[in-house]
Amino acid sequence: MRKIINSTYISLDGVIENPQNWTSAYFNDEAAAYARELLFSCDAMVMGRATYDGFAEAWPAMEEATGDFGVRMNTIGHYVVSDSLEKGAWNNTTIIKRDAAVAEIAKLKEQSGQDILQYGFGAVSRTLVDNGLLDELRLWIHPVIVGSGDPAELLAPAGYSASFELAGTQAFSNGVIVATYRPAAE
1 MRKIINSTYI
11 SLDGVIENPQ
21 NWTSAYFNDE
31 AAAYARELLF
41 SCDAMVMGRA
51 TYDGFAEAWP
61 AMEEATGDFG
71 VRMNTIGHYV
81 VSDSLEKGAW
91 NNTTIIKRDA
101 AVAEIAKLKE
111 QSGQDILQYG
121 FGAVSRTLVD
131 NGLLDELRLW
141 IHPVIVGSGD
151 PAELLAPAGY
161 SASFELAGTQ
171 AFSNGVIVAT
181 YRPAAE
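For the sequence shown, the residue numbers in the UniProt record's numbering are 1 to 186.
This is how it looks when you write it as structure tokens:
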């Protein structure tokens, strides 16, 4: 069975929103190699509407600058959970209605192929965790305090809880640590 791997950038103070504003100084060759290995170990991405809209707008124009990474981002299967999206503008897009998301993503995991990647942690991620569908959470912990006070920018909203077990770590020379967690056994 395929795994769903979530990959999320996070600051020391728990901020995950707008990582383009605070992560670029930390994206060195080690981080690029790790990100590339992760992307190429997967052949599908699952995401919510906000992530989809941002990626669908940005990535088609980035192939020249990012080479085969950009090509992979644009050609991998894109599964977006949305009740409002009528038609996908990005290559290989499949729209999954929110009320069918758990069943459809469970079927996707059972199909043959490589693992499934998810970037960012939001409502879809919480649904995956709550329904036993998320296999790994990889937090890219950046040595920066963003200083945001907006709860919507943090990893999880007030009242949400889930337990994880450490499965491994990868430290980069720039101070970024990727901590890999698996949902804790009940």
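Where a beta carbon is used, it is the ideal one built from N, C-alpha and C, also for glycine. Here the structure is a predicted model, which is why all the values come from computation and not from measurement.
Give me whichever residues DSSP pairs with residue i in a beta bridge.
{"i": "residue 96", "result": "81"}
{"i": "residue 8", "result": "139"}
{"i": "residue 72", "result": "BP columns for residue 72 are empty, so no partner."}
{"i": "residue 119", "result": "7"}
{"i": "residue 170", "result": "178"}
{"i": "residue 47", "result": "80"}
{"i": "residue 15", "result": "154"}
{"i": "residue 183", "result": "164"}
Just confirm the distance between the C-beta atoms of residue i and residue j, as a whole number of angstroms; I'd bet it's less than 8 Å.
{"i": "residue 125", "j": "residue 6", "result": "6 Å"}
{"i": "residue 109", "j": "residue 133", "result": "7 Å"}
{"i": "residue 116", "j": "residue 176", "result": "Their Cβ separation, rounded to whole angstroms, is 23 Å, which puts residue 116 and residue 176 out of contact at 8 Å."}
{"i": "residue 128", "j": "residue 16", "result": "About 16 Å; that fails the 8 Å criterion."}
{"i": "residue 141", "j": "residue 179", "result": "6 Å"}
{"i": "residue 56", "j": "residue 89", "result": "5 Å"}
For residue i, count the other beta carbons within 10 Å of its own beta carbon; 16 or more makes it buried, fewer makes it exposed. Which is it?
{"i": "residue 9", "result": "buried"}
{"i": "residue 20", "result": "exposed"}
{"i": "residue 122", "result": "buried"}
{"i": "residue 31", "result": "buried"}
{"i": "residue 37", "result": "exposed"}
{"i": "residue 118", "result": "buried"}
{"i": "residue 71", "result": "exposed"}
{"i": "residue 67", "result": "exposed"}
{"i": "residue 113", "result": "exposed"}
{"i": "residue 44", "result": "buried"}
Could you give the distance in angstroms between the alpha-carbon of residue i and the alpha-carbon of residue j?
{"i": "residue 144", "j": "residue 12", "result": "6 Å"}
{"i": "residue 22", "j": "residue 167", "result": "26 Å"}
{"i": "residue 87", "j": "residue 77", "result": "15 Å"}
{"i": "residue 164", "j": "residue 181", "result": "6 Å"}
{"i": "residue 42", "j": "residue 183", "result": "20 Å"}
{"i": "residue 48", "j": "residue 80", "result": "5 Å"}
{"i": "residue 160", "j": "residue 91", "result": "33 Å"}
{"i": "residue 139", "j": "residue 147", "result": "18 Å"}
{"i": "residue 107", "j": "residue 73", "result": "22 Å"}
{"i": "residue 14", "j": "residue 101", "result": "27 Å"}
{"i": "residue 65", "j": "residue 153", "result": "28 Å"}
{"i": "residue 2", "j": "residue 155", "result": "25 Å"}
{"i": "residue 84", "j": "residue 93", "result": "14 Å"}
{"i": "residue 62", "j": "residue 95", "result": "23 Å"}
{"i": "residue 28", "j": "residue 69", "result": "15 Å"}
{"i": "residue 26", "j": "residue 162", "result": "28 Å"}
Worksheet item: Given 8 Å as the limit, is there contact between the region 159 to 175 and the region 37 to 56, that is, 3 or more CB pairs closer than that?
Response: no
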